[in-house]
Amino acid sequence: MKTIKGLKFYILSFMTIAMLASCGSKSAEGSNKAGEAITSAKPQVKIAKVSAEDIPQTETYTATVESDIKNNIAPNTPLRIEKIYVEVGDMVRKGQVLVQLDASNLQQVKLQIENLQIEFNRTAQLYEVGGASKAEYDNAKMQLDVLSTQYRQWVQNTQLTAPISGVVTARNYDNGDMYSGNPILTIEQTNPVKLIINISENYYKLVKKGQAVDVTLDAYEGEHFVGNISIIYPTIDVSTHTFPVEITINNSSQKVRPGMFARATVNFGSAHHVLVPDLALVKQIGAGDRYVYVYKDGKVSYNKVQLGKHINTQYEIFSGVEPGDMVVVAGQSRLANGREVEVIE
């Protein structure tokens, strides 16, 4: 009797295990099929067609306003300063007397010239009647000429005048000081003023003398000034591959002052380039490169692009995308190069 009960228990256990194994197999098969369905599903993307346009090629450069001409006012020899007639900020005109220095040496030279002039006149009269030789006449004239030249130099060194019209930007001495080497005054010509910018060698052939340049100043927000390229330097800096360009700005209003921070926008013409929505751009992790997924025949390709300017919601593209290409603008997270995709509206 015990043997029959044991046999029944064995048969029931075997049937239970078989049923469980069968259920497990069906469950696993179902999971595999679901996984295959998930894996085989195509990523859904949105695409946009790109086109090329004529895009202005402009670059903006920063610079500091400089005076067109800068003169340091100083005598040739150390002298005591008797009077400085101007202050910093004063406008001066060319030829205006700015500084009077000690004139005692000038007076001594003047007396010597007067005495030599009397001697020369006497020698000239004797020479005319044969009472003096040609050598004596020439010697007297030479002494007078030498002293007259010294006198003119002393005049220039005791009364200093403005060599240009401009504004006084520095004063380093007070009345009564002894001149000791530093300029007494500095005068800068502020009409016109200039900027010096450094432009990439790629644009060298596009820069023309006289070309108009748009200039803005932080001191006058929203206001624009017109400059013109006045000098194009003929050499390229080997370390930066740039060349200096001087821009002159008419400043008859005297609004623009040396030292102001300026931005100069230079127009290099236009170029026919592709515009791509900024939503299409993908940044490579760990690098600064930018990529775009281009859609064709149901698949996408991962194209590296070279960016230009950001214009509203689009980027100028120099390479990597052609006019008429379809680019992915949504759904890039699940994409890979060569992946088949499904396009949705």
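Every letter in the sequence shown is one number past the one before it in the working numbering, and letter 341, counting from 1, is 1073. Heads up, the beta-carbon is just placed ideally off N, CA and C, and yes, glycines get one too.
Residue i by DSSP, collapsed to three states: which one?
| i | result |
| --- | --- |
| Glu-1077 | coil |
| Leu-1067 | coil |
| Arg-854 | helix |
| Thr-790 | strand |
| Ile-845 | helix |
| Ala-872 | helix |
| Val-887 | helix |
| Lys-826 | coil |
| Asn-1035 | strand |
| Lys-1015 | strand |
| Val-782 | coil |
| Val-831 | strand |
| Thr-809 | coil |
| Asn-923 | strand |
| Val-1008 | strand |
| Asn-907 | coil |
| Ala-864 | coil |
| Val-820 | coil |
Going by beta carbon distance, what residues of the same chain come within less than 7 angstroms of residue i, once the five residues before and after it are set aside?
| i | result |
| --- | --- |
| Asn-853 | none |
| Gln-944 | Looking at the sequence itself, residue 944 is Ala, so the reference to Gln does not match. The residues are Val-958, Asn-960. |
| Ile-964 | Val-939, Lys-941, Val-977 |
| Val-829 | Tyr-817, Gln-891, Thr-893 |
| Thr-855 | Ala-864, Glu-868, Tyr-869, Ala-872 |
Can you grab the Cα-Cα spacing for the pair residue i / residue j, in whole Å?
| i | j | result |
| --- | --- | --- |
| Asn-907 | Gly-863 | 53 angstroms |
| Asp-969 | Ser-880 | 50 angstroms |
| Asp-877 | Tyr-817 | 32 angstroms |
| Val-861 | Ile-850 | 17 angstroms |
| Thr-790 | Met-910 | 53 angstroms |
| Glu-1074 | Asp-946 | 48 angstroms |
| Val-841 | Pro-990 | 42 angstroms |
| Asp-834 | Leu-848 | 24 angstroms |
| Tyr-883 | Leu-927 | 41 angstroms |
| Gly-1020 | Ser-962 | 38 angstroms |
| Gln-857 | Gln-839 | 27 angstroms |
| Pro-807 | Gln-888 | 8 angstroms |
| Tyr-1025 | Pro-788 | 26 angstroms |
| Ala-760 | Ala-773 | In this prediction, Ala-760 scores a pLDDT of 42, lower than 50, which makes its location untrustworthy; no coordinate-derived value is stated. |
| Gly-1040 | Ser-932 | 15 angstroms |
| Glu-776 | Asp-1029 | For the sequence presented, residue 776 should be read as Gln rather than Glu. Roughly 15 angstroms separates the two Cα atoms. |
| Met-874 | Phe-993 | 56 angstroms |
| Ser-1051 | Arg-1022 | 11 angstroms |
| Ala-867 | Glu-814 | 43 angstroms |
| Thr-948 | Phe-1000 | 18 angstroms |
| His-956 | Asn-904 | 35 angstroms |
| Tyr-709 | Thr-974 | Lying outside 733 to 1077, the shown extent of the chain, residue 709 is not represented and no answer is given. |
| Glu-846 | Ile-919 | 36 angstroms |
| Asn-803 | Val-831 | 14 angstroms |
| Ala-795 | Arg-1071 | 49 angstroms |
Among the residues of its own chain, which have a CB less than 6 angstroms from the CB of residue i, if the five just before and after it don't count?
| i | result |
| --- | --- |
| Gly-827 | Thr-893 |
| Met-1058 | Ile-779, Lys-781, Tyr-1027 |
| Leu-843 | none |
| Asp-786 | Ser-1002, His-1004 |
| Ala-750 | Low local confidence applies: a pLDDT of 45 at Ala-750 is under 50, so the model's placement there is unreliable, with the coordinate-based value given in what follows. Excluding positions up to five away in sequence, the list is empty. |
| Thr-997 | Thr-790, Thr-792, Asp-946 |
| Val-1061 | Lys-778, Ala-780, Pro-1009, Leu-1011, Ala-1012 |
| Lys-758 | Low local confidence applies: a pLDDT of 44 at Lys-758 is under 50, so the model's placement there is unreliable, and no value is given. |
| Thr-901 | Thr-918, Glu-920 |
Could you tell me the boundaries of the beta strand (DSSP E) in which residue i lies?
| i | result |
| --- | --- |
| Glu-933 | Looking at the DSSP string, Glu-933 is not in any beta strand (DSSP E), and its letter there is neither H nor E. |
| Pro-990 | No beta strand (DSSP E) holds Pro-990; DSSP gives it neither H nor E. |
| Ile-916 | Here Ile-916 belongs to no beta strand (DSSP E), and DSSP marks it neither H nor E. |
| Gly-898 | 898-903 |
| Thr-974 | 974-981 |
| Gly-959 | 956-964 |
| Thr-948 | 944-949 |
| Ile-968 | From DSSP, Ile-968 is part of no beta strand (DSSP E); its letter is neither H nor E. |
| Asp-800 | 798-805 |
| Ser-984 | Element bounds for Ser-984: n/a, residue is neither H nor E. |
| Ser-703 | The displayed coordinates of the chain run from 733 to 1077. Any statement about residue 703 would go beyond what the structure contains. |
| Val-1060 | 1058-1062 |
| Lys-1129 | The requested residue 1129 is not part of the displayed model; the chain covers only 733 to 1077. |
| Val-1024 | 1022-1028 |
| Lys-774 | Neither: Lys-774 is in no beta strand (DSSP E) and is coded neither H nor E. |
| Glu-1054 | Premise fails: Glu-1054 is in no beta strand (DSSP E) and is neither H nor E. |
| Glu-814 | 813-816 |
Got a sec? Which residues, its chain only, sit under 8 angstroms from residue i by beta carbon, not counting five neighbours each side?
| i | result |
| --- | --- |
| Pro-924 | Asp-800, Thr-980, Ile-981, Asn-982, Asn-983 |
| Tyr-859 | Ser-865, Lys-866, Glu-868, Tyr-869 |
Should residue i be counted as a contact of the ligand GTP given a C-beta to heavy atom distance under 8 angstroms?
| i | result |
| --- | --- |
| Arg-995 | You won't find the ligand GTP in this model; it holds no ligand whatsoever. |
Touching or not, the region 809-825 and the region 896-916, by the rule of three or more beta carbon pairs under 8 angstroms? yes
Stretch-stretch touch, CB-based, cutoff 8 angstroms, three pairs: the region 1006-1017 with the region 1042-1053: yes
Between the region 983-995 and the region 914-923, can you find at least three pairs of beta-carbon atoms closer than 8 angstroms? yes
Taking 8 angstroms as the threshold, find out whether the region 1058-1071 comes into contact with the region 1021-1036 through three or more Cβ pairs. yes
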